[in-house]
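Protein chains: 2
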Amino acid sequence: MNRRTFIAATWITTAAGTRALSAESAQTGSLVKRNAVVLFQGDSITDAGRGRPDAAEANQQKALGNGYAWLAASQLLVDRPGDNLKFYNRGVSGHKVPQLAARSQKDCLDLKRDVLSILIGVNDIWHRINGKFDGTPASYERDCLALMDQTLKALPDVKLMICEPFLLRCGAVKDSWLPDFDAYRAASRKVAETFKATFVPFQTMFDEAPKLEPPDHWASDGVHPSASGASLMAHTWLKTVG
Amino acid sequence: MNRRTFIAATWITTAAGTRALSAESAQTGSLVKRNAVVLFQGDSITDAGRGRPDAAEANQQKALGNGYAWLAASQLLVDRPGDNLKFYNRGVSGHKVPQLAARSQKDCLDLKRDVLSILIGVNDIWHRINGKFDGTPASYERDCLALMDQTLKALPDVKLMICEPFLLRCGAVKDSWLPDFDAYRAASRKVAETFKATFVPFQTMFDEAPKLEPPDHWASDGVHPSASGASLMAHTWLKTVG
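Chains as they are written, first to last, in this note's numbering: chain A, 6 to 247; chain B, 6 to 247.
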């Protein structure tokens, strides 16, 4: 066998292996069905440096950023290469619920995605504490409920995932954030329950992680995940999706 | 409620959340049972900068390194906090099968772990190609079979995981590696089948990943995974474990 033949044989083996991997993992029980289009929505944690000129490109790292959205998407795409999945990201750094609502028509409803995963809330408390925003836990809950209601009226078949806002107790995060933050967490859970959305328990996960390594291993400023933190988030997101 | 009481209440909520997460995920079908002790063994990809003075410490990032071993271990520990799992790493940069065999008594058999996950092979081909090692695919297979036979005779109840050696087609990896490499891959699969070990298809995974982003996104030198590459490996390892 000459080298050209040998390389061709390698590719055939590879393709067969890929098919086997696909058949194994395309679980019908997953929230992400065959041919699904998935939209990640949120703030800087979701944004994670994504490139705006590439936003219309599905499944590209530069369009999905360097965070949990890219890691989760790429892992599912590798698991299920034959399932024609498409992932997009519309997270925008610094955004809070009112800003998400203001761009909902363009960045969510018009896109008509099958699965919508939303992680929003840490700026709502951060900017409130530093005096740049006058929202409260009550307005967070009210605005989230209104946004989800509007979303589900426009997209009644969308699979909605509400991700729990989270913080690590280090960096910018002070003890003074905590009582309010607990109310934001509770509100996000209530929103998920109200609309029978799938809840992704990121804070439960980030309460457990510091028993292994200190909070700043997972997010040095307490808010933006490290590579380990983003990998952990992708894992929990995928586990929740099934 | 004063602030101290509020913080205490937060911790109680957290503990309840953690218990719920644990109950969900402590699947009896997992290869890693309650109270299991897991050993990662291999070369630099497993080593990933682990600290030698900390090697006796279970579940510590500095003892587990910055690679897939730490990501996989930490994700499982966060999922199953009540399951008393312990993870150790004995990967050593640059090692090939003969060196793994030479330190097997001290670094594996004496430790009596419940689950043993081995990833070895890329140096066996790399050092052969650069003329520093006279091993062949045949000697790789023979030495792996002998090592696994010795391991299972000493530890008949160990759950054995054989990880497929892999490469990305970039960096140090040249086309001239490929025909031989395919034989190393086939040998690792044969070793897994011979001993009914669990096979972790890392090359199948890394054949799929470059359809999303170029090979150097996953491992800039073709051998040592990036953060995205290591996260993908941890995901596939955990999916294989169940």
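Where is the CB? At the ideal position from N, CA and C, for every residue including glycine.
Residue-chain proximity (residue 166/A, chain B), Cβ-Cβ < 8 Å: no
Selection from 227/B, 41/B, 167/B and 223/B that minimises the alpha carbon distance to residue 117/B: 41/B
Rounded straight-line distance, which links the Cα of residue 146/B to that of residue 185/B: Cα-Cα distance, rounded: 12 Å.
Contact between the region 204–212 of chain B and the region 155–164 of chain B (3+ Cβ pairs under 8 Å): no
Terminal residues of the beta strand (DSSP E) in which residue 97/B lies: Looking at the DSSP string, residue 97/B is not in any beta strand (DSSP E), and its letter there is neither H nor E.
Length-filtered (3 minimum) beta strand (DSSP E) runs lying within the region 159–189 of chain B: 164–168
Range covered by the beta strand (DSSP E) that runs through residue 46/A: 42–47
Local Cβ density within 10 Å of residue 179/A, reported as buried at 16 or more and exposed below that: By the neighbour-count criterion, in which 16 or more other beta carbons inside 10 Å mark a residue as buried, residue 179/A falls on the exposed side.
Beta-carbon proximity of residue 76/A to residue 233/B, cut-off 8 Å: In this structure, residue 233/B lies closer than 8 Å to residue 76/A by Cβ.
Among 94/B, 189/B, 100/B and 38/B, the one whose alpha carbon lies nearest that of residue 55/B: When each option's Cα is compared against that of residue 55/B, the closest is 94/B.
Residues that residue 236/B contacts on chain A, provided the C-beta gap is smaller than 7 Å: What residue 236/B touches in chain A: 76, 236 and 239.
Assigned exposure category for residue 101/A - 16 Cβ within 10 Å defines buried: buried
Chain A contact for residue 155/B (CB, 8 Å cutoff): Residue-level contact check: residue 155/B does not touch chain A, since none of the beta carbons of chain A fall below 8 Å from its beta carbon.
Limits of the alpha helix (DSSP H) - the one that residue 237/B falls within: 232–246
Interface residues of chain A facing residue 80/B [CB-CB closer than 7 Å]: In chain order: 237 and 240.
Within-8 Å CB hit, residue 215/B to chain A: no
Local Cβ density within 10 Å of residue 181/A, reported as buried at 16 or more and exposed below that: exposed
Contact with chain A by residue 218/B, beta-carbon distance below 8 Å: yes
Alpha helix (DSSP H) runs wholly inside the region 87–141 of chain A, at least 4 long, in chain order: 102–107, 109–112 and 127–134
Spatial distance of residue 231/A from residue 72/A (CA atoms): 9 Å
C-alpha gap between residue 235/B and residue 151/A, whole angstroms: 40 Å
Reduced DSSP secondary structure (H/G/I, E/B, other) of residue 200/A: coil
CA-to-CA distance, residue 59/B to residue 113/B, given in whole angstroms: A straight-line Cα-Cα distance of about 17 Å links residue 113/B and residue 59/B.
Test item: CB-CB of residue 82/A and residue 90/A under 8 Å: yes
Nonlocal neighbours in the same chain, by C-beta distance under 6 Å from residue 119/B, ignoring five residues either side: 41 and 42
Residues that residue 228/B bridges to, as DSSP identifies them: None, per the DSSP bridge assignment.
8 Å Cβ cutoff met for residue 50/B and residue 157/B: At least 8 Å separates the beta-carbon of residue 50/B from that of residue 157/B.
Between the CA atoms of residue 107/B and residue 246/A - distance to the nearest angstrom: 44 Å
Residue 205/A, DSSP secondary structure in three states: The answer is strand: DSSP assigns residue 205/A an E or B state.
Best match in 57/A, 192/A, 45/A and 223/A for proximity to residue 142/A [C-alpha to C-alpha]: Comparing Cα-Cα distances from residue 142/A to each of 57/A, 192/A, 45/A and 223/A, the minimum goes to 192/A.
Pair within 8 Å by beta-carbon distance, residue 217/A and residue 79/B: yes
Whole-angstrom distance between residue 74/A and residue 35/B, CA atom to CA atom: 26 Å
CB of residue 206/B within 8 Å of CB of residue 148/B, strictly: no
Under 8 Å between C-beta atoms of residue 45/A and residue 96/A: yes
Contacts of residue 222/B in chain A (Cβ-Cβ under 7 Å): 66
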